[in-house]
Amino acid sequence: MTRQANSLTCRLALVVIARNEASCIRVCLESAAGHVDRMIVLDTGSTDATVAIAEQCGAEVHHFAWNDDFAAARNAALDLSTADWNLVLDADEIIDGDTGQLRPATLGSERFIGLLPVTSEFDLQDEVETATSWLPRVLPAGVRYRGRIHEQPVADLRRARLDVQVRHSGYRQAQLEHKQGRNRTLLLKLLEQSPDDAYLLYQTGKDFEVYRQFDDAVSYYEKALV
Numbered sequence: 000m001t002r003q004a005n006s007l008t009c010r011l012a013l014v015v016i017a018r019n020e021a022s023c024i025r026v027c028l029e030s031a032a033g034h035v036d037r038m039i040v041l042d043t044g045s046t047d048a049t050v051a052i053a054e055q056c057g058a059e060v061h062h063f064a065w066n067d068d069f070a071a072a073r074n075a076a077l078d079l080s081t082a083d084w085n086l087v088l089d090a091d092e093i094i095d096g097d098t099g100q101l102r103p104a105t106l107g108s109e110r111f112i113g114l115l116p117v118t119s120e121f122d123l124q125d126e127v128e129t130a131t132s133w134l135p136r137v138l139p140a141g142v143r144y145r146g147r148i149h150e151q152p153v154a155d156l157r158r159a160r161l162d163v164q165v166r167h168s169g170y171r172q173a174q175l176e177h178k179q180g181r182n183r184t185l186l187l188k189l190l191e192q193s194p195d196d197a198y199l200l201y202q203t204g205k206d207f208e209v210y211r212q213f214d215d216a217v218s219y220y221e222k223a224l225v
């Protein structure tokens with residue numbers, strides 16, 4: 000695949016939303032550049048070198064006024080793509096290993112949601128631990144997201160696992176300090192509107208857990224189970 004396609008359509012596009020990700024966006028884009036036809040970065044208000052770095056890496060950079068809605072930002076980024084398929088990554092994620100299942104012959108013409116194994120790294124007691132989740136990251140054209148936070152693609156399509164490894168550094172201590180409070184503020188605001196929403200309660204507990212505030216995490220997890 001080429002680094003970036005200038006035609007109106009392409010087979011596979013990388014789609015990233017970012018804000019103040021200068022510390023990691025270069026390795027994200029460089030990990031994907033050789034495997035996609037086009038790279039789209041939607042910047043949501045960076046005040047650091049994120050935009051300049053993305054442009055240096057060959058990405059098309061567009062801008063979006065942040066409105067506390069991750070799905071809205073994801074969808075605005077996807078609206079910029081004319082690709083048959085979209086690979087959705089966060090700026091603190093990289094492609095790590097073989098990408099054969101992203102090739103046109105493998106993706107084929109049938110529409111489906113591609114689940115990728117995303118391995119998150121955690122700093123625990125001076126060691127790096129990992130946990131892997133299969134997440135929907137390869138979307139056919141036209142699929143869009145729903146949810147102001149921890150958004151999910153909405154489509155009545157089968158889910159298929161693709162063995163394309165993604166490594167996520169966003170739970171490492173330095174990254175957590177960088178974005179502390181961002182998700183929690185939005186989660187708590189949404190819980191004011193929907194206090195019994197089990198998914199929101201679970202995600203709030205998870206946010207407390209990654210910051211090692213375990214008593215609060217347990218409280219929200221218990222509420223989610225009721």
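Letter 74 of the sequence shown, counting from 1, is numbered 73 in numbering that gives the first Met the number 0, and no numbers are missing. The beta-carbon is built from N, C-alpha and C at its ideal position, and this holds for glycine as well.
Residue range of the alpha helix (DSSP H) that includes R37: Counting along the chain, R37 falls outside any alpha helix (DSSP H), though it belongs to the beta strand (DSSP E) covering R37 to D42.
Kindly give me the distance between the Cβ atoms of W84 and R136, rounded to whole angstroms, as I take these residues to be in contact under 8 Å. At roughly 11 Å, the Cβ-Cβ gap does not stay under 8 Å, so W84 and R136 are not in contact.
Reference G169; option with closest CA among N182, R73 and A71: Nearest option by C-alpha distance: N182.
Would you call the CB atoms of R166 and T118 closer than 7 Å? Yes, Cβ-Cβ distance for R166 and T118 is below 7 Å.
Cα-Cα separation between L138 and L106, rounded to whole angstroms: 10 Å
If you compare alpha carbons, which of D125, H34 and A58 is closest to L41? A58
Please state if the CB of L156 and the CB of I112 are separated by a distance shorter than 7 Å. yes
Am I right that A53 and L28 are in contact with their C-beta atoms under 8 Å? What's the rounded C-beta distance? 6 Å
Taking 8 Å as the limit between beta carbons, can you name the residues of its chain near S30, skipping five residues before and five after? I93, I94 and D95
Spatial distance of A154 from R145 (CA atoms): Using only the alpha carbons, I get a separation of about 10 Å.
Where does N182 sit, in a helix, a strand or coil, going by DSSP? Reduced to three states, the DSSP call for N182 is helix.
Which residues does DSSP list as the beta-bridge partners of Y144? Answer is P152.
Could you have a look at R160 and say whether DSSP puts it in helix, strand or coil? strand
With distance defined between alpha-carbon atoms, name the residue in G44, D68, R18 and V14 nearest to D188. The sequence shown places Lys at residue 188, rather than the Asp named in the question. It is D68.
Can you tell me whether A104 is buried or exposed? The criterion is at least 16 other CB atoms within 10 Å of its CB, across all chains shown. exposed
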